Amino acid sequence: MIADDINDLWDARPFCPFEIAMANGETYTVTSPKLILLSPSRLHLVTPGDRLHILALNQINRVTVMEGGHPTTSAAVERQ
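In terms of our numbering, the sequence shown opens at residue 6 and continues consecutively.
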């Protein structure tokens, strides 16, 4: 389940940035665990410029760990 994967990435120590790919093609990069809040159906994310995004968990297609500032396909979790 995507929510469990996001929660695991959020709690990881050391934290590794990750990218969220939405069903509509938009992507968001999570650079710090302090910038997200996970609720049962939504992910609240603050991006540069203090912009708040509220993402529906059921619209997240993929979560990918970033390595060297770029997403890596070897660490991607896709919606089944």
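Beta carbons: idealized from backbone N, C-alpha and C, even for Gly. Note that the structure is predicted; figures quoted are calculated from it, not measured.
Alpha carbon of Ile-33 to alpha carbon of Pro-22, nearest angstrom: Checking the sequence, you will find Tyr at residue 33 rather than Ile. C-alpha separation (whole angstroms): 11 angstroms.
Three-state secondary structure assigned by DSSP to Asn-29: Of the three classes helix, strand and coil, the one that applies to Asn-29 here is coil, per DSSP.
Ile-59 versus Met-6: straight-line alpha-carbon distance, rounded: One Cα belongs to Ile-59, the other to Met-6, and the distance between them is close to 19 angstroms.
Counted within 10 angstroms of its Cβ, other Cβ atoms place Thr-69 as buried (16 or more) or exposed: The residue is buried, with at least 16 neighbouring Cβ atoms inside 10 Å.
Classification of Leu-57 by the beta-carbon crowding that lies within 10 angstroms, buried from 16 upward: By the 16-neighbour rule on beta-carbons within 10 angstroms, Leu-57 is exposed.
For Asp-16 and Leu-50, the rounded distance between their alpha carbons: Those two C-alpha atoms are separated by around 15 angstroms.
Buried or exposed (CB count within 10 angstroms, at least 16 for buried), Pro-38: Counting the other CB atoms within 10 Å of its CB gives Pro-38 a total below 16, which places it among the exposed residues.
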